[in-house]
Structures are given as structure tokens and as C-alpha cells.
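Colleague:
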Amino acid sequence: MVHFGGEEEFKVTPWEVEGVVDYDRLILEFGTKPLTEDLIEKTRELTKSDLPIFLRRKFFFSHRDYDLVLKDYEEGRGFFLYTGRGPSGPMHIGHIIPFYMTAWFQEKFDVNLYIQVTDDEKFIIHPEFEFEDTKRWALQNIFDIAAVGFNPDKTFIFQNSEYTKIYEIAIPISKKITFSTARAVFGFNESSKIGIIFYPAIQAAPTFFERRRCLIPAAIDQDPYWRIQRDIAESLGYFKTAAIHGKFFPPLTGISGKMSASMPETAVYLTDDPETVRSKIWKYALTGGQATAQEQRIKGGNPEVCVVFKWLEIFFEPDDQKLRRRYEDCRSGAILCGECKDYLISKVQAFLREHSERRKAVEPIVEKMKYTGKLAREMWDLHIPEALRR
1085 MVHFGGEEEF KVTPWEVEGV VDYDRLILEF GTKPLTEDLI EKTRELTKSD LPIFLRRKFF
1145 FSHRDYDLVL KDYEEGRGFF LYTGRGPSGP MHIGHIIPFY MTAWFQEKFD VNLYIQVTDD
1205 EKFIIHPEFE FEDTKRWALQ NIFDIAAVGF NPDKTFIFQN SEYTKIYEIA IPISKKITFS
1265 TARAVFGFNE SSKIGIIFYP AIQAAPTFFE RRRCLIPAAI DQDPYWRIQR DIAESLGYFK
1325 TAAIHGKFFP PLTGISGKMS ASMPETAVYL TDDPETVRSK IWKYALTGGQ ATAQEQRIKG
1385 GNPEVCVVFK WLEIFFEPDD QKLRRRYEDC RSGAILCGEC KDYLISKVQA FLREHSERRK
1445 AVEPIVEKMK YTGKLAREMW DLHIPEALRR
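Each residue of the sequence shown is one higher than the one before, starting from 1085 at the first, in this note's numbering.
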């Protein structure tokens, strides 16, 4: 547990998030840097475009060397992107959001993107899974990811079980990582499976795909993997990876922790039909309202603890003025929780409808991203660099 004085305890690991996360204290605990207004403004300047809500509203709030990424780009050296997905079941809204941030980076900076789908890791850590389960989920998840919209000639999506060159790259990386380091970072013990002990080397491997700085957009719970990479990268002749960290998309049931597939009532899945969406939000979405409508008209509500408002703020209400007005109307009692729930329901239903249509048309694009596109072909023909053969 991460415990600060008399405050509530919270836990953040690559596998679990519990409690109400204090993101400022997490920056101190993990040793990252806050994403400042100067860096956000520099991003706007370099991309010559409006910023996505993830940056405007600081859903992405922390970083490692993002300033150096922008400097590399400005000075013509460029960079590349890497992110991933662990396929343990169907994807929900919380899973897909970092891919929208990644797609924005790829479009605005016109860079290569590598998406690692870790069907091997999920098989190892879930005793109830057969390997075929995670392989099957990998393909389904890839279709959802591809539907976000990436450049098919500059994107390589790969499953670890298929793209075995990942292991060739991971072997020299693993030679640099001691068990004591991995244990200190991840809490491994005598009961840990040997496959998961080796896994940090596999997850770090894509950061060595190019001789440029890598930028990883991901939730901050994945940061321990990149700390290990940053310890060893320069000894192999590569850059320390950079990262830009997102907050956790809250579950329907409250602002503590993050949306979890292990608790279906907390999540809205990308495959949920309109009536299921309506039922889940009405039944489970925690609001900041008062006990009765009359009381709320008098006292107002509290959007700070309202999941409905947080979902709108993070993803479903891109219009800043509309969001501000909704915040003020909630505080004043001019709007009731049922009205906000209905509004969110309509937004989520529209998003899932559009996602479903894009997903139906994505099969030939998936083929390019996995096998036949320009970057994919280069990666299947990849010669492992000499620096990683020593």
C-alpha cells in the first residue's frame, strides 16, 4: 500500500489500483514530473492544432522526459510511440481511452507506432486461462484498438505469441536486469511464476525497436516497467524511454480505483448494447446529488465526487463551455442527477454505436497493421541490431 500520513491508503501497481489516488503524491512516490502548462503549450505550438481534452484537462498529468521528446521533434531527430494491451477479456471504455491519446500523437507528429498485445503475460498470470483464451481475446481486442484509427503504414500491432522476435530482443535486455532489481520494483517473491519474472524484459523490448527516443502514453500504473528500461537503456546504446502518464478512468460505482473487467457492474464494455448502457448507468453510476430532488434544488450537488460528471470531463463532453455550465448548474441545483445521467447515456450510446461501425470495417486495416503495411513488413524482416546481440 502507498500510505501518506493520516490520509487514506491507496495502492497502485501494474496489476491493481485501489482507493482514492492522490496523483500529486503519486508523482512524488514514483519520481515522475508533473505535466506543466509550458509543456502543454509547447505541444500546441509544435502540432499547430487544438489540443485533445486529455491534455487540455490534464487527464494526462505526469511524464518522464516528455520535454526531451518535444525537443527531439523540434530539432528534427523525431521519436516513436509504443503502447499496449493485455488481452484478458473484452475491452471496456477505460481500456480504449489511452489509444485515443496515442492516435492523436501519431496523427499530429506523423510518427511510427508499435502496439504490443501481451497474450503471453495474461496466460501466465491468470491460472484459469488456457493459452488459446488469451490468443482469442488478443484478436478481438486488436479489432477494437484498430477501430480507434491509426495510420496503417506507420502502425505495427503484434501479439507476443506470434511475433517471436520480441524474445530475441528481450534476451539481451534480461541479461541487464537482476532479480533483486525486478523484485524491488514489482514485489516478486518465491511464489512468483518464472514467466512473469522474465516478463519485464519482454515489455521493455519495443522501446528498442528504433534508435530514437520512445514515447509511451499509458496509465501511470505501468510506469514501473519503464523505470527498469531507463536503468539499462543507455548501457545498450539506446535512449531512456519517455512516458506520458494518464490518470485512471473511474468505475461507475465511485471515483476510487479504476474501471475493472473483474467487476462487470463497474464497467461499460465496447460491446454493450444501448439498453445495457442505460441500465448500468442508471443502476450503478454514483453521483454527487442530494437525497431528494427538492434538497438538491436548494443545496446543489457535488460534481467533484460524481462519476457521471467525471466521465463527461474525461471523454464524453469535449465542449469546455458546456462542461463548465453543467458543473455550475450542478453546484447551484439548477440540474438534477437524472438529467445528467440521461445526457451521459446518450453520449456513451452514440460513441459505442460509432465504434461498432468502425470495427465492422476494420478487418483489412488490421491485416495491414499486423502483416502487410509498410511498418509491419519492416518489423517482420527486422534484423536484430548488433548492440542487442552482445
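Beta carbons are placed, not taken as given, at the ideal position from N, Cα and C, and that holds for glycine. If you're wondering where the values come from, they're calculated on a predicted model, not measured in any experiment.
Please state whether DSSP places histidine 1439 in a helix, a strand or coil.
Modeller: helix
Colleague: Is it buried or exposed, isoleucine 1229, if we count other Cβ atoms within 10 angstroms and call 16 or more buried?
Modeller: buried
Colleague: For glycine 1162, name the three-state secondary structure that DSSP assigns.
Modeller: coil
Colleague: Among the residues of its own chain, which have a CB less than 8 Å from the CB of valine 1086, if the five just before and after it don't count?
Modeller: Legend: pLDDT at valine 1086 = 42, less than 50; position of this residue unreliable, no value from coordinates given.
Colleague: Does the beta-carbon of proline 1335 have 16 or more other beta-carbons within 10 angstroms, so that it is buried, or is it exposed?
Modeller: buried
Colleague: Looking only at C-alpha atoms, which of Phe1138, Arg1437 and Glu1102 sits nearest to proline 1402?
Modeller: Shortest Cα-Cα distance from proline 1402 to any of Phe1138, Arg1437 and Glu1102 involves Phe1138.
Colleague: Determine, using beta carbons only, whether leucine 1420 and alanine 1377 come nearer to each other than 7 Å.
Modeller: yes
Colleague: Between the alpha carbons of tyrosine 1166 and cysteine 1298, how many angstroms are there, rounded?
Modeller: 7 Å
Colleague: The ligand NAD and arginine 1297: does the residue's C-beta get closer than 6 Å to at least one heavy atom of that ligand?
Modeller: The ligand NAD is not part of the structure shown, which contains no ligands of any sort.
Colleague: Just how far apart, CA to CA, sit proline 1348 and histidine 1176?
Modeller: 10 Å
Colleague: Please report the straight-line C-alpha distance between cysteine 1424 and phenylalanine 1393, rounded to a whole angstrom.
Modeller: 8 Å
Colleague: What number of angstroms, rounded off, separates the C-alpha of glutamate 1462 from the C-alpha of glutamate 1121?
Modeller: 37 Å
Colleague: Could you tell me the alpha carbon to alpha carbon distance between glutamate 1216 and glutamine 1224, rounded to whole angstroms?
Modeller: Glutamate 1216 and glutamine 1224 have their alpha carbons spaced roughly 13 Å apart.
Colleague: Three or more C-beta pairs under 8 Å: does that hold for the stretch 1318-1325 against the stretch 1278-1296?
Modeller: yes
Colleague: Pull up the CB-CB distance for glutamine 1433 and proline 1358, whole angstroms please, since I reckon it's below 8 Å.
Modeller: Your pair glutamine 1433 and proline 1358 checks out as a contact, with CB atoms roughly 5 Å apart and the cut at 8 Å.
Colleague: Could you give the DSSP three-state label for glutamate 1102: helix, strand or coil?
Modeller: strand
Colleague: Helix, strand or coil: which one does DSSP assign to threonine 1131?
Modeller: helix
Colleague: How big is the Cα-Cα spacing for glycine 1168 and lysine 1383?
Modeller: 45 Å
Colleague: From glutamate 1214 to leucine 1154, what does the alpha carbon distance come to, in whole angstroms?
Modeller: 42 Å
Colleague: Which ranges would you report for the beta strand (DSSP E) in the stretch 1356-1405 if only whole runs of at least 3 residues count?
Modeller: Counting only runs of 3 or more, we get nothing.
Colleague: Does the Cβ-Cβ distance between alanine 1351 and glycine 1173 come in under 7 Å?
Modeller: no
Colleague: Would you mind reading off the limits of the beta strand (DSSP E) that contains arginine 1297?
Modeller: Start and end: 1297-1303.
Colleague: So what does DSSP say about phenylalanine 1272, is it helix, strand or coil?
Modeller: coil
Colleague: How would you call isoleucine 1468, buried or exposed, if buried means at least 16 neighbouring beta carbons within 10 angstroms?
Modeller: Here isoleucine 1468 is exposed. Its C-beta has fewer than 16 other C-beta atoms within 10 Å.
Colleague: Can the beta-carbon of phenylalanine 1490 be found less than 7 Å from the beta-carbon of glutamine 1190?
Modeller: The question about residue 1490 has no answer, for the chain in this structure spans 1085 to 1474.
Colleague: To the nearest angstrom, how far is it from the Cα of serine 1340 to the Cα of tryptophan 1099?
Modeller: 15 Å
Colleague: Express the C-alpha separation of alanine 1418 and valine 1104 in angstroms, rounding to a whole number.
Modeller: Those two C-alpha atoms are separated by around 28 Å.
Colleague: Report all residues from its chain with a CB closer than 8 Å to the CB of alanine 1266; omit the five preceding and five following residues, and keep chain order.
Modeller: Closer than 8 Å at the Cβ level, and outside the excluded window around alanine 1266, lie Phe1272, Ile1281, Pro1284 and Ile1312.
Colleague: Here's a check: name, in chain order, each residue in its chain whose Cβ is nearer than 6 Å to the Cβ of phenylalanine 1088, leaving out the five neighbours to either side.
Modeller: Confidence at phenylalanine 1088 is low in this model, with a pLDDT of 38, below 50, so its placement is unreliable and the value that follows should be read with caution. Same-chain partners within the cutoff: Arg1109.
Colleague: When the Cα atoms are used, what is the spatial distance from phenylalanine 1242 to lysine 1454?
Modeller: 6 Å
Colleague: First and last residue of the beta strand (DSSP E) that includes valine 1195?
Modeller: Per DSSP, valine 1195 belongs to no beta strand (DSSP E) and is neither H nor E.
Colleague: With a 10 Å radius around its C-beta and 16 neighbouring C-beta atoms as the bar for buried, classify glycine 1160 as buried or exposed.
Modeller: exposed
Colleague: Looking at the strands, I want to know which residues DSSP matches up with histidine 1176.
Modeller: Tyr1353
Colleague: Per DSSP, histidine 1147 is paired with what?
Modeller: Lys1117 and Ile1328
Colleague: Contact defined as beta carbons within less than 8 Å: I believe asparagine 1118 pairs with serine 1146. What is the distance between those atoms, to the nearest angstrom?
Modeller: As written in the sequence, residue 1118 is proline, which differs from the asparagine given in the question. With a Cβ gap of about 6 Å, proline 1118 and serine 1146 count as contacting.
Colleague: Who are the near neighbours of threonine 1239 in its chain, counting only those whose CB is closer than 6 Å to its CB and skipping five residues on each side?
Modeller: Leu1197 and Met1453
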